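Enquirer: Before I ask anything, here is the structure I am working with.
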Amino acid sequence: MWAQEKRCFNYTIRIWGRSFPVREIKPMYFPKKISKLLPETTYCLEVRAVHTSLQRHSNYSSARCINTTVANKIPVPENLEVDVQGDSYVLKWDHAFANMTFKAQWIPVYSKSSPGNHSDKWKPIPTCANVQTTHCVSPRETFHTGTFFLRVQASDGNNTSFWSEEKLIDSQKYTLLPPPVIAVTPTGDSLLVYVSCKDSKCNGLIYEVIFWENTSNTEETLL
Numbered sequence: 001m002w003a004q005e006k007r008c009f010n011y012t013i014r015i016w017g018r019s020f021p022v023r024e025i026k027p028m029y030f031p032k033k034i035s036k037l038l039p040e041t042t043y044c045l046e047v048r049a050v051h052t053s054l055q056r057h058s059n060y061s062s063a064r065c066i067n068t069t070v071a072n073k074i075p076v077p078e079n080l081e082v083d084v085q086g087d088s089y090v091l092k093w094d095h096a097f098a099n100m101t102f103k104a105q106w107i108p109v110y111s112k113s114s115p116g117n118h119s120d121k122w123k124p125i126p127t128c129a130n131v132q133t134t135h136c137v138s139p140r141e142t143f144h145t146g147t148f149f150l151r152v153q154a155s156d157g158n159n160t161s162f163w164s165e166e167k168l169i170d171s172q173k174y175t176l177l178p179p180p181v182i183a184v185t186p187t188g189d190s191l192l193v194y195v196s197c198k199d200s201k202c203n204g205l206i207y208e209v210i211f212w213e214n215t216s217n218t219e220e221t222l223l
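So for the sequence shown, the UniProt record's numbering puts the first residue at 1; every next one is plus one.
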């Protein structure tokens with residue numbers, strides 16, 4: 001019965017280790033990568049399922065303990081950031097080593113919305129393949145969905161880092177809004193201000209109207 005309701009469940013991961021207090025994680029996307037752990041260290045974890053509509057939860061699973069691997073020779077890229085430049089995204093990151101090459105990948109959010117291994121669904125970003133700078137530029141049309149994850153990997157030709165932490169991108173936050181069109185009609189001691197916008201990007205916006213008398217201080221009103 002539950003197999004048909006996978007999307008009705010949330011999960012709580014409880015992880016602990018030596019000198020590492022118990023920590024609870026409630027992932028929204030899968031698989032969940034738990035970063036910043038010590039190398040060659042034993043960590044244990046257990047998982048509990050919660051049915052979101054019934055508000056019922058399972059017991060925790062039996063604990064599973066595993067050793068982290070030896071520290072990689074090449075550190076992962078860090079501090080992924082995204083800016084907008086015209087119709088393109090500019091992806092930037094930091095790395096501790098010089099003379100490295102990098103590549104970036106992306107995956108739609110919906111591909112990670114259910115538990116499972118989604119490693120084969122990551123897509124390369126052509127303009128961010130084997131770049132020798134800690135940034136790359138990619139057209140927005142590369143990403144055919146509004147929300148997606150990005151990740152970056154470093155290589156020196158012989159050794160490769162693990163993938164960076166995944167950066168969630170919501171394209172709406174990077175959308176440039178067109179200025180609204182206004183019309184003003186005087187009515188006695190009042191002004192009727194009409195605001196319109198023909199672009200679908202304007203739906204749900206709140207407008208700020210700034211008005212002033214030539215000899216007075218500027219006033220601002222949120223409408």
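The beta carbon of each residue, even a glycine, is placed where N, CA and C say it ideally should be. Please read these numbers as outputs of a predicted model, since none were measured by experiment.
Can you confirm whether the region 63–76 touches the region 116–136 when touching is taken to mean that 3 or more C-beta pairs between the two stretches lie within less than 8 Å?
Expert: These segments do not touch.
Enquirer: Using 10 angstroms around the beta-carbon of tyrosine 89, count the other beta-carbons present and answer buried if the total reaches 16, otherwise exposed.
Expert: Within the sequence shown, the letter at position 89 stands for residue 89. Classification of tyrosine 89: buried, given that the 10 Å Cβ count is 16 or more.
Enquirer: According to the Cβ coordinates, are valine 82 and leucine 91 closer than 7 Å?
Expert: Taking the first residue of the sequence shown as 1, we reach residue 82 at position 82. Taking the first residue of the sequence shown as 1, we reach residue 91 at position 91. Closer than 7 Å, so yes.
Enquirer: Nearest-angstrom Cα distance between serine 19 and glycine 86?
Expert: Counting from 1 along the sequence shown, the entry for residue 19 is found at position 19. Counting from 1 along the sequence shown, the entry for residue 86 is found at position 86. The straight-line gap from Cα to Cα measures roughly 48 Å.
Enquirer: Taking its Cβ as the centre, do 16 or more other Cβ atoms sit within 10 Å of proline 77, making it buried, or is it exposed?
Expert: For the purposes of this step, residue 77 is taken as residue 77 along the sequence shown, with counting starting at 1. Proline 77 comes out buried.
Enquirer: Where do the ends of the beta strand (DSSP E) carrying histidine 135 lie?
Expert: Mapped onto the sequence shown, residue 135 falls at position 135. First-last of the beta strand (DSSP E) with histidine 135: 135–139.
Enquirer: Take proline 139 and list the residues in its own chain whose beta-carbon comes closer than 7 Å to its own, dropping the five residues that flank it on each side.
Expert: Walking along the sequence shown from the start, residue 139 turns up at place 139. Cβ within range, chain order: Asp87, Ser88.
Enquirer: Can you name, in chain order, every residue of its own chain whose Cβ lies under 6 Å from the Cβ of residue 243, other than the five neighbours on each side?
Expert: Examination of residue 243 is not possible in this model, given that the chain is present from 1 through 223 alone.
Enquirer: Spatial neighbours of tryptophan 93 within its chain, please: CB distance less than 8 Å, with the 5 preceding and 5 following residues excluded, ordered by chain position.
Expert: Position 93 of the sequence shown, counting from 1, holds the residue named residue 93. So the list reads Pro77, Glu78, Asn79, Leu80, Glu81, Phe102, Thr134, His135, Val152, Ser164, once near-sequence residues are dropped.
Enquirer: Leaving out five residues on either side along the sequence, give the residues of the same chain with a beta carbon under 8 Å from the beta carbon of arginine 56.
Expert: Here residue 56 refers to the residue found at position 56 when the sequence shown is read from its first residue. The residues are Val50.
Enquirer: Return the CA-CA distance between valine 195 and proline 180, expressed in angstroms with no decimal places.
Expert: The count along the sequence shown starts at 1 and reaches residue 195 at position 195. The count along the sequence shown starts at 1 and reaches residue 180 at position 180. Roughly 6 Å between the two C-alpha positions.
Enquirer: Look up glutamine 105 in the DSSP assignment and say whether it is helix, strand or coil.
Expert: If you number the sequence shown from 1, residue 105 lands on position 105. Note: glutamine 105 maps to strand in three-state DSSP.
Enquirer: Under the DSSP definition of a beta bridge, which residues are partnered with glycine 17?
Expert: Translated into positions along the sequence shown, residue 17 becomes position 17. DSSP output for glycine 17 lists Phe20, Tyr43 as bridge partner(s).
Enquirer: Answer with buried or exposed for lysine 73, where buried requires no fewer than 16 other C-beta atoms within 10 angstroms of its C-beta.
Expert: Position 73 of the sequence shown, counted from the start, is the residue given in the question as residue 73. Exposed, since its Cβ has fewer than 16 Cβ neighbours within 10 Å.
Enquirer: Comparing alpha-carbon positions, which option in Ile210, Leu168, Phe97 lies nearest alanine 154?
Expert: The residue you call residue 154 lines up with position 154 of the sequence shown. Of Ile210, Leu168, Phe97, the residue nearest in Cα terms is Phe97.
Enquirer: Glutamine 172 by DSSP, collapsed to three states: which one?
Expert: Stepping through the sequence shown from its first residue, residue 172 is reached at position 172. Residue state, collapsed to three classes: helix.
Enquirer: Name the DSSP beta bridge partners of glutamate 78, please?
Expert: For the purposes of this step, residue 78 is taken as residue 78 along the sequence shown, with counting starting at 1. Asp94, per the DSSP bridge assignment.
Enquirer: Leaving out five residues before and five after serine 113 in sequence, what residues of the same chain have Cβ atoms less than 7 Å from its Cβ?
Expert: By 1-based counting over the sequence shown, the position of residue 113 is 113. Tyr29.
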